[in-house]
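In this note's numbering, the protein residues as written are 51 to 1062. In this text, a Cβ means the ideal position worked out from N, Cα and C, and glycines have one as well.
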RNA sequence: GCUCAAGUGGCGGAAUUGGUAGACGCGCUGGAUUCAAAAUCCAGUUCUUCGGAGUGCGGGUUCGAUUCCCGCCUUGAGUACCA
């Protein structure tokens, strides 16, 4: 019987689906275990081999935990709102729901054929109204909450209203907007409803605010910081500008400290925790207000200008020799003196063109301008020059720095460059070459009342003195800011919000979900409103509590609805709870389900979510806990980032040309160059080594070929023509293992074939490649390892691999590639190794005419092989070292074949060990062995150490630490006897060549090392 | 610039507490089988001037270092000069 993997895999996938083998129960006496993959977005391109890597790892773990007696929850679903479907809709007019449905079908088919043990009965989709009903509900809860710093948790907005009614806001200690004026209970009660709502909005955890956003006119949308690369949109590379816009935001900063502290409680990698810490960006220091000394422009009557700065080093305040403002700082125009105006304005203009990224990374170029204004030092009252410099960013801190050149390298470089004094305030420290940035072991000097103090003491004392002057106070700063929650897009959750008098009102819970309206086109409106502005039926009737036609808006009973939709992170911030009770219509998940499953025990996904999804969902979970909806503080106990699978891209070189002397193109002119378009040259060693331009022989041949192509028959040998080969990505499916391009295939490509119809391909020897069948010419491409992505045309689709080798081979191979967390290149050719292993395994169990298993008593060697495999595989899975366990299986099968093992007592438990990795073949053999129940719930074999006890040890005998030969000695042999035996051995004597060793190191059971 | 990873044969990688470097697999070479091919099986495969050398480079600790320490180089990922 042959190993017919296609038949076997289909059979068991169908069987598992029919029997609901992997359906998880919400009530069980077994301990629970929750294994989750990061929410996939169902893109139109389908899966490539990089996607299932994490899914396979989590599936192995989930299956292993079932063998270990756990009730395992291992669900899957789709984060199905998103920009790609919307962009496709804009291009084709197809409703995003339709394309999303198609994409999900493709995903599901691809996932199913890999044999995952998902409980599909719990599938969720964020774009499904029965799901986003609860996303809307959570949004309403956030709106109806404020953060009480005294109780350190979110509370219902009602508790805040009752405080306002009783005593005003003087004693309220809340996370809220910066500019809130004080009011008494009497004030509050006399405010109009609109005034009250405006005030409450400044306290709510989600609120409307005029915020500066990254507006991308070309995409008609706002972009998150991480969607902008080098100042342009990541998608499409369009220009991005700062623009004020009314946006929904989330007061995530209220949770900054808890988000930081919580990291200590969870089992994530240090690098991931570190990036969250950096993102939250806690710094302890002080705010200091510097008064601007009046000058020709900065002498407004009555009020003096102040420059507030935040510093982590208030102890160095006597080292301030200048101040630096971000060029965009509001005060710049108000304080710059007339004679510096021209210079400052020119500098601001120049800065605006630099991307923020550029300003950050480039430390070598020091630029700045003096405003002509001076600020007053709070203690010495000396004038301090105020500069602007683009190393200070407007968006961070206060957008201004008190520059202490002796203590900060950037300030130091700036001062050196502009000849600003660098006062030294550190005792006994040389600052003639560079600044001294360390906080440890400094003694402050030249600093009046701070002299002789350490960093800690001086900081404390400086803050006290600043507070006395009312020019500063101690402050903890977080860089985490309000998270923008609006998107000017169609394909997202609609807000359950309508507007009365411009004030947002929540729609009551019982009327949810508010469904996305139908629109004709998916673009923003001509007036710049979001796509929902195109909907005709998008108004809220407060009498019928339904969505009605816009024409009915009367602003008394019928009101306009919100036009923005929610961002991608809305639905993904809580989905892990929905899996616990996916069909519940009354609550987002029942209390029983929430209590049973608690939180995710193992979460596997890409590191790209480090500061987005993983921070936002922690925030929502903490909020839901505060409001009593869940009991947990952290959603993901253990988290593993799988590494990227890299693709091997292929390049061919398109020729482009430069004429050194244009006047010499006389007789043929531009027509000549026109005829030389769309020509590609085969990759060669000289191309890969950047020696193309010096390969005279080849260039000569190439040029005569070009003349031939252009129909040029004169003697011009094109000396003035410089040929520049440009690398162009080519789809890897048209390239074989020897890097040869399938030219006819490329020309028939449905997507790009047209572009190459008239292309000319030139071989290694400089001649045109003939495309009639019997030509032996080859066209070679260059290879490079890059991120696997559709845009680089290097994706490898798992479908073909499953057809050719089977899902079990794919699963094993993906694990075999290397450590889960590390990035690694994909090479399909290597899959024959694991596939060959499965064939050998099959032959071990199945003879020519059926099962090859006997009741034979296992030999000592059989037992040793089995038990060392049990031990190793169990250790490997527990430590997520899946690659090494695949090797272990191979070694075990090689050994069992060598031992000619047929013993059921060995071969049966071995199947269980392997089944998490290769579930189909093991399930088939398990049933061939006569079992009626699925192998998936069979207990994991128990390791028994007695089978690994050895009676002898093959000692490595080293000389000066270098192993020279080995010697088999009894295990129980004592040190002295070992030394005697080794020293008497002929090989030892030969190696010593008569020398007497200085020392002999013997570690019984390990090694012998002879020194000297 | 800063932060975090990672550098081991032709390639992916292994060596879990400092103890036989290169397990396992790919590829390659030779052989068996076959009319032939595929498939399968067997043997070999770090380099080498055959003394040795060797885990990015230079030091150090140790009887012994891929593993620990110091300094550097390169590559990748992230990034917000948090003042």
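According to the Cβ coordinates, are residue i and residue j closer than 7 Å?
i           : j           : result
residue 729 : residue 810 : yes
residue 528 : residue 610 : no
residue 117 : residue 990 : yes
residue 980 : residue 933 : no
residue 655 : residue 96  : no
residue 704 : residue 778 : yes
residue 124 : residue 168 : yes
residue 108 : residue 122 : no
residue 34  : residue 863 : Nothing about residue 34 can be read from this structure; the chain reaches only from 51 to 1062.
residue 376 : residue 444 : yes
residue 978 : residue 901 : yes
residue 374 : residue 442 : yes
residue 569 : residue 364 : no
residue 494 : residue 475 : yes
residue 156 : residue 135 : no
residue 434 : residue 463 : no
residue 176 : residue 129 : yes
Between the C-alpha atoms of residue i and residue j, what's the straight-line distance to the nearest angstrom?
i            : j            : result
residue 335  : residue 472  : 22 Å
residue 649  : residue 296  : 35 Å
residue 793  : residue 801  : 15 Å
residue 966  : residue 560  : 44 Å
residue 962  : residue 1010 : 45 Å
residue 791  : residue 797  : 11 Å
residue 726  : residue 752  : 12 Å
residue 367  : residue 742  : 59 Å
residue 544  : residue 968  : 43 Å
residue 686  : residue 154  : 26 Å
residue 877  : residue 695  : 10 Å
residue 1000 : residue 1017 : 15 Å
residue 640  : residue 202  : 26 Å
Report the partner residues of residue i according to the DSSP bridge assignment.
i            : result
residue 537  : 615
residue 591  : 596, 608
residue 1008 : 1013, 1059
residue 70   : Beta-bridge pairing links residue 70 to no other residue.
Identify which residue in the options has its Cα closest to the Cα of residue i.
i            : options               : result
residue 782  : 756, 830, 747, 807    : 830
residue 1035 : 379, 1022, 1007       : 1007
residue 956  : 919, 750, 923         : 919
residue 540  : 582, 341, 479, 794    : 582
residue 520  : 567, 428, 801         : 428
residue 986  : 1000, 1044, 1055, 964 : 964
residue 189  : 670, 834, 894, 850    : 670
residue 430  : 504, 460, 515, 383    : 515
residue 191  : 555, 412, 731, 90     : 555
residue 388  : 346, 354, 91          : 346
residue 132  : 171, 89, 166, 106     : 89
Any idea if residue i is buried or exposed, counting beta-carbon neighbours within 10 angstroms, 16 or more meaning buried?
i            : result
residue 379  : buried
residue 689  : buried
residue 418  : buried
residue 1021 : exposed
residue 724  : exposed
residue 973  : buried
residue 289  : exposed
residue 564  : buried
residue 630  : buried
residue 652  : buried
residue 224  : buried
residue 691  : buried
residue 399  : exposed
residue 594  : exposed
residue 231  : exposed
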